[in-house]
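A.B. asks: Before we start, here is the structure in question, set down as structure tokens.
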Amino acid sequence: MAWGYWTIEEALKLPSEYGISSRVTSQVASYPPELQLAYLQSSIIRLWSSFALPMFINYANFGCVAIIFIVATLRHFIGQWVTGKLPAPVQRVQTAIVKHLYLSSLFGKKTSQPVSFIGAKGALGRWTSVQIPTRLHGIFITILVTFNVLMVFYQPTVYPNLTYIAVGYSRSQYFRVAADRCAYLAFGLTPLAIALAGRNNILTAMTGASYSTIQIYHRWVSRMCFMHGFVHTVCWLLMEGWSNQLPTMFKRAYWNWGFVAIFGGLLLFFCSQRRIRELCYELFLIGHVTGALLWVVGCYYHALLRRETELLRWIYAAVGFWASDHLFRWVRIVVLNMPALFRTSRSTKPKTGAFAAEGYLVGEGSFIRLRLVPSVRWPAGMGGPGTYVFVRSADWKVTQAHPFTITWPMGMALPLESGARSSAASSSDQESDREKKSSASTHSTLDHEFDSSDLDSPAAFELLVKPYSGFTQSLSRSLANDPSAEDGTVQGVSTKRVKLLVEGPYGHSVQLEHYGSVLLVSGGSGVSANVAHLADLAKCLGKGTLAVKRVVVVWSIRDLDSIRAVIPYLNRLEPLFGSMPAGFVEFHVHYTGSAASESVDVEKSSGMVPAEEALAAIDRSFSHLGPAIRTIPTAGRPSVAAHVERLLPFASERIAVSTCGPTALCDASREAVKQSLGGGVTAHQIVYHEEAFTW
1 MAWGYWTIEE ALKLPSEYGI SSRVTSQVAS YPPELQLAYL QSSIIRLWSS
51 FALPMFINYA NFGCVAIIFI VATLRHFIGQ WVTGKLPAPV QRVQTAIVKH
101 LYLSSLFGKK TSQPVSFIGA KGALGRWTSV QIPTRLHGIF ITILVTFNVL
151 MVFYQPTVYP NLTYIAVGYS RSQYFRVAAD RCAYLAFGLT PLAIALAGRN
201 NILTAMTGAS YSTIQIYHRW VSRMCFMHGF VHTVCWLLME GWSNQLPTMF
251 KRAYWNWGFV AIFGGLLLFF CSQRRIRELC YELFLIGHVT GALLWVVGCY
301 YHALLRRETE LLRWIYAAVG FWASDHLFRW VRIVVLNMPA LFRTSRSTKP
351 KTGAFAAEGY LVGEGSFIRL RLVPSVRWPA GMGGPGTYVF VRSADWKVTQ
401 AHPFTITWPM GMALPLESGA RSSAASSSDQ ESDREKKSSA STHSTLDHEF
451 DSSDLDSPAA FELLVKPYSG FTQSLSRSLA NDPSAEDGTV QGVSTKRVKL
501 LVEGPYGHSV QLEHYGSVLL VSGGSGVSAN VAHLADLAKC LGKGTLAVKR
551 VVVVWSIRDL DSIRAVIPYL NRLEPLFGSM PAGFVEFHVH YTGSAASESV
601 DVEKSSGMVP AEEALAAIDR SFSHLGPAIR TIPTAGRPSV AAHVERLLPF
651 ASERIAVSTC GPTALCDASR EAVKQSLGGG VTAHQIVYHE EAFTW
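As structure tokens, then:
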């Protein structure tokens, strides 16, 4: 290390940022004259290496994330206008970037499917699984992680360093610098991790990025934050252990508060594991909130009692991000649910306002159809296809919110207008012919009271929920006719009122009406996103702004209850697409179930049945639909690549591919679009949208 001064007098004239305080100068006198300059030099290098450098890294971390989102914002607002007007050579470069950076996985071909980071299979593989980001996000994350790790181990030294334990004690100097740096970096990354976790995130609106994409950065920033805190703890344990001071340290309050923070970090790390989220979402929520609270409070008192007041700015920023996000959440809840709390109504239908919701169970509880009616109608442009809401129980679990994709958007034709077809059908010869083709059991599904009830609010929207455990299981039981049935089954034939609170909508609406061809891919309950897109296309058709000439829906199912959940929505869409040519919507239903069953009636069968019988039942279920919606039942898993290839001749009109469903299906769709790029097909001509909600 080269110094620009050689005497104590010169060192004492250095600017204040060199840290030559009165405390330092008073300690200089305690050293022999021949070591006083060395002490000043070591103080300066310690300040720069342990504090000034990590503070700079903290601001660099924020700057790095800001640059990423600025670039994404420019691409979102400018790219969609400019891309199609670029010269051919530039479009080829842009296509190569999309193909090899945006659509390619960092490793292999999986980005939605979890991959075990130790290559394990089975249960161990599921517990060690992580999500591999796309190559572009992976590069940014690799840079961020590498930068943070290298800065911990890069240590300029000064010898002898009198500010660390003993002259020439290089081991303690090394660990002390690492401990100090990691402390500053952990504090600095805390507000960034909390900001990226917020639902009311301006980054989503600016960049058009999905919540799942931003969560990738949230998870990696959080991991780096915890890593720094963990290294800080280990270094201090080693140093105090070498000096036999551990029993004494545990008598100090600031030391114990540090362990409160690290315990909170460990709780966060465990409860945030993908497998925990899959098995018990409620445990993930409780552990996340508790761990974050322990981390923030522990860090605050650890710094306060150590009189490291410059670190408190990061805690204040973290609390500010958290408080503002939750304030906006509850403002949304109050605005959407509370104004009608004190209204009275004798109507048996769900009134507009607080807790207004109704629903019923499809079959034996395979799906839940929910209709929610907020107090106010959302502004135009909100709540479109690809958006989602959080639903809360209006009881002691009100703090737990669960996300669901919007199936039937607000402002669309309501059941009385286009879904309740029984009265109109009786006066239509065409409908009479269709009824002859469909079984009586199927038609009874179409005329469920949920789809024929009068609804006088244009603010209604609907959700299609697949019950699992926790909240959705409780919701299923609340809608059941006899939730205490001895055989454990849950059935709900009639529509019931439920008390729920709505928060949202969140997410970026994906508009597909300006494409020539649209391919919608989904599996199971992911069909909710497909229905929302179809409803939006129908709305655009009514307004005269629809440019789409063909729609291909690819839906993979394992049981026939899925059919009964979707048919009512197709009934509403049929008259809206009545002016379109035959086969405007190709609805490919891929049945992947194979287990035997005694019945193949859609109305009676809730499990898997032999493929041939299931396909016949599916065909009967859709036979009443008009020519604009053509159903094509198929056995086996869908080949998304084949469907993409069929649409490539129409690439000049632009193709949109949107997928929502199982992670394997999302990866297959992304790979199919990726392979189609090049050879004259540009990234402007075929665009990929993924609506996988991952945490």
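Under full-length UniProt numbering, the letters of the sequence shown match residues 1 to 695, in that order.
Note that CB positions come from ideal geometry on N, CA and C, so glycine has one too.
#1: Starting from Phe226, trace the alpha helix (DSSP H) in both directions and tell me its first and last residue.
#2: Mapping the DSSP letters down to three states, classify Trp408 as helix, strand or coil.
#3: Provide the residue span of the beta strand (DSSP E) that contains Pro633, from first to last.
#4: At which residue ranges does the region 638–675 contain complete alpha helix (DSSP H) runs of 4 or more residues, listed in the order of the chain?
#5: Taking C-alpha atoms, which residue in Val566, Lys99 and Thr233 lies nearest to Ala529?
#6: In the DSSP output, what is Val297 paired with across the bridge?
#7: Among the candidates Thr659, Thr592, Leu519 and Ala460, whose CA atom is the shortest distance from the CA of Phe650?
#8: Using the beta-carbon count (16 or more within 10 Å), is Arg332 buried or exposed?
#9: Is Thr190 near Ala60, with beta carbons less than 8 Å apart?
#10: Taking a contact to mean a Cβ-Cβ separation below 8 Å, would you say Val498 touches Ala357 in this structure?
#11: Thinking Leu479 and Leu361 are a contact (beta carbons under 8 Å), I'd like their distance in whole angstroms, please.
#12: Identify the residues that DSSP records as bridge partners of Arg371: which are they?
#13: Spatial neighbours of Thr472 within its chain, please: C-beta separation below 8 Å, excluding the five flanking residues on both sides.
#14: In whole angstroms, what is the alpha-carbon distance linking Leu677 and His689?
#15: Please return the same chain residues whose Cβ sits closer than 8 Å to the Cβ of Gly524, not counting the five positions on each side in sequence.
#16: What is the DSSP secondary structure of Val335, reduced to helix, strand or coil?
#17: Could you give the first and the last residue of the continuous beta strand (DSSP E) run that contains residue 781?
#18: Which partner residues of Pro114 appear in the DSSP bridge assignment?
#19: Apart from the five residues just before and just after Val510, which ones in its own chain have a Cβ nearer than 6 Å to its Cβ?
#20: Gly499 by DSSP, collapsed to three states: which one?
#21: Can you grab the Cα-Cα spacing for the pair Lys549 / Tyr506, in whole Å?
#22: Classify Trp555 as helix, strand or coil using the three-state DSSP reduction.
#23: Identify whether Phe587 lies in helix, strand or coil by the three-state DSSP scheme.
#24: For Ala668, is the classification buried or exposed, using 16 other Cβ atoms within 10 angstroms of its Cβ as the cut-off for buried?
#25: If the criterion is Cβ atoms closer than 8 Å, does the pair Met239 and Arg306 meet it?
#26: Taking the continuous beta strand (DSSP E) assigned at Val510, which residues delimit it?
#27: DSSP on Glu10, reduced to helix/strand/coil?
#28: Closest to Val675 by CA distance: which of Ser42, Glu691 and Ala642 is it?
#29: Helix, strand or coil: which one does DSSP assign to Asp456?
#30: If contacts are defined as beta-carbon pairs under 8 Å, then Phe577 and Ala538 qualify, I think. What distance do you get, rounded to the angstrom?
#31: What's the C-alpha gap between Arg572 and Gly626?
#32: Would you kindly check if the distance between the Cβ of Val657 and the Cβ of Val521 is under 8 Å?
#33: Would you say the region 179–199 touches the region 208–225, given that touching needs at least three Cβ pairs under 8 Å?
#34: Leaving aside the five residues before and after Lys437 along the sequence, list all residues of the same chain whose C-beta is less than 6 Å from its C-beta, in chain order.
#35: From the DSSP output, read off the bridge partner residues of Gly470.
#36: Ends of the beta strand (DSSP E) at Ser528?
C.D. replies: Let me lay it out:
#1: Within the sequence shown, numbered from 1, the residue matching residue 226 stands at position 226. Counting along the chain, Phe226 sits inside the alpha helix (DSSP H) bounded by residues Tyr211 to Trp242.
#2: The residue labelled residue 408 in the question sits at position 408 within the sequence shown. DSSP places Trp408 in strand when its eight states are reduced to three.
#3: Taking the first residue of the sequence shown as position 1, residue 633 is located at position 633. Its beta strand (DSSP E) spans residues Ile629 to Ala635.
#4: As far as the region 638–675 is concerned, its whole alpha helix (DSSP H) runs of at least 4 residues are 640–647.
#5: Working through the sequence shown from its first residue, we reach residue 529 at position 529. Proximity to Ala529 across Val566, Lys99 and Thr233 peaks at Val566, based on C-alpha coordinates.
#6: Position 297 of the sequence shown, counted from the first residue, corresponds to residue 297. Answer is none; Val297 lacks a bridge partner.
#7: Position 650 of the sequence shown, counting from 1, holds the residue named residue 650. For the residues Thr659, Thr592, Leu519 and Ala460, the minimum Cα distance to Phe650 belongs to Leu519.
#8: Within the sequence shown, residue 332 is the residue found at index 332, counting from 1. The residue in question, Arg332, is buried, as its Cβ has 16 or more Cβ neighbours within 10 Å.
#9: As a working note, residue 190 is residue 190 in the sequence shown. As a working note, residue 60 is residue 60 in the sequence shown. For the 8 Å CB-CB criterion, Thr190 and Ala60 do not form a contact.
#10: Residue mapping note: residue 498 aligns to position 498 of the sequence shown, counting from 1. Residue mapping note: residue 357 aligns to position 357 of the sequence shown, counting from 1. Yes, these two residues count as a Cβ contact at 8 Å.
#11: Here residue 479 refers to the residue found at position 479 when the sequence shown is read from its first residue. Here residue 361 refers to the residue found at position 361 when the sequence shown is read from its first residue. The Cβ separation is near 5 Å, so the contact holds.
#12: Along the sequence shown, read from residue 1 onward, the residue named residue 371 stands at position 371. Answer is Glu358 and Glu462.
#13: Taking the first residue of the sequence shown as position 1, residue 472 is located at position 472. Counting only Cβ-Cβ distances below 8 Å, and skipping sequence neighbours, we find Ile368, His402, Val465 and Lys466.
#14: Here residue 677 corresponds to residue number 677 of the sequence shown, with the count starting at 1. Here residue 689 corresponds to residue number 689 of the sequence shown, with the count starting at 1. About 15 Å.
#15: Taking the first residue of the sequence shown as position 1, residue 524 is located at position 524. For Gly524, where only same-chain residues beyond five positions count, the Cβ hits under 8 Å are Lys466, Ser556, Ile557, Arg558, Ser562, Gly661 and Pro662.
#16: Translated into positions along the sequence shown, residue 335 becomes position 335. In this structure, Val335 counts as helix in the three-state DSSP scheme.
#17: With the chain running from 1 to 695 in the structure shown, residue 781 is simply not present.
#18: The residue you call residue 114 lines up with position 114 of the sequence shown. Pro114 is bridged to Gln131.
#19: Residue 510 sits at position 510 when you count from the first residue of the sequence shown. Short of 6 Å from the beta carbon of Val510, and not among the five residues preceding or following it, lie these beta carbons of its own chain, in chain order: Pro385, Gly386 and His689.
#20: Counting from 1 along the sequence shown, the entry for residue 499 is found at position 499. The sequence given here has Lys at residue 499, not Gly. In this structure, Lys499 counts as coil in the three-state DSSP scheme.
#21: Taking the first residue of the sequence shown as position 1, residue 549 is located at position 549. Taking the first residue of the sequence shown as position 1, residue 506 is located at position 506. Lys549 and Tyr506 have their C-alpha atoms some 29 Å from each other.
#22: Residue 555 sits at position 555 when you count from the first residue of the sequence shown. Three-state result, Trp555: strand.
#23: Counted from its first residue, the sequence shown places residue 587 at position 587. Residue state, collapsed to three classes: strand.
#24: Position 668 of the sequence shown holds residue 668. Around the CB of Ala668, 16 or more other CB atoms lie within 10 Å, so the residue is classed as buried.
#25: Residue mapping note: residue 239 aligns to position 239 of the sequence shown, counting from 1. Residue mapping note: residue 306 aligns to position 306 of the sequence shown, counting from 1. 8 Å or more divides the Cβ of Met239 from the Cβ of Arg306.
#26: Residue numbering aside, residue 510 sits at position 510 when the sequence shown is read from its first letter. No beta strand (DSSP E) contains Val510, which DSSP labels as neither H nor E.
#27: One-based indexing of the sequence shown puts residue 10 at position 10. Residue state, collapsed to three classes: helix.
#28: By one-based count along the sequence shown, residue 675 stands at place 675. In the sequence under discussion, the amino acid at residue 675 is Gln, which differs from the Val named in the question. Answer by Cα proximity: Ala642.
#29: In the sequence shown, the residue the question calls residue 456 occupies position 456. Below a pLDDT of 50, predicted positions are generally treated as unreliable, and Asp456, at 49, falls in that range; the measurement from the model is reported next regardless. Coil, per DSSP.
#30: For the purposes of this step, residue 577 is taken as the residue at position 577 of the sequence shown. For the purposes of this step, residue 538 is taken as the residue at position 538 of the sequence shown. 6 Å between Cβ atoms; contact.
#31: One-based indexing of the sequence shown puts residue 572 at position 572. One-based indexing of the sequence shown puts residue 626 at position 626. Counting only the Cα atoms, Gly626 lies some 11 Å from Arg572.
#32: Looking up residue 521 in the sequence shown gives position 521. Looking up residue 657 in the sequence shown gives position 657. Yes, the pair counts as a contact, with Cβ atoms nearer than the cut-off.
#33: Yes, the region 179–199 touches the region 208–225.
#34: Your numbering for residue 437 matches position 437 in the sequence shown. Per-residue confidence for Lys437 stands at a pLDDT of 39, beneath the threshold of 50, marking its modelled position as unreliable; the derived number appears in the next sentence. Non-local C-beta neighbours of Lys437 in its own chain, meaning closer than 6 Å and more than five positions away in sequence, comprise Ser623, ordered along the chain.
#35: The residue you call residue 470 lines up with position 470 of the sequence shown. Gly470 is not bridged to any residue.
#36: As a first step, residue 528 is located in the sequence shown; it is residue number 528 there, counting from the start. Element bounds for Ser528: not the beta strand (DSSP E) but the alpha helix (DSSP H), Val527 to Lys543.
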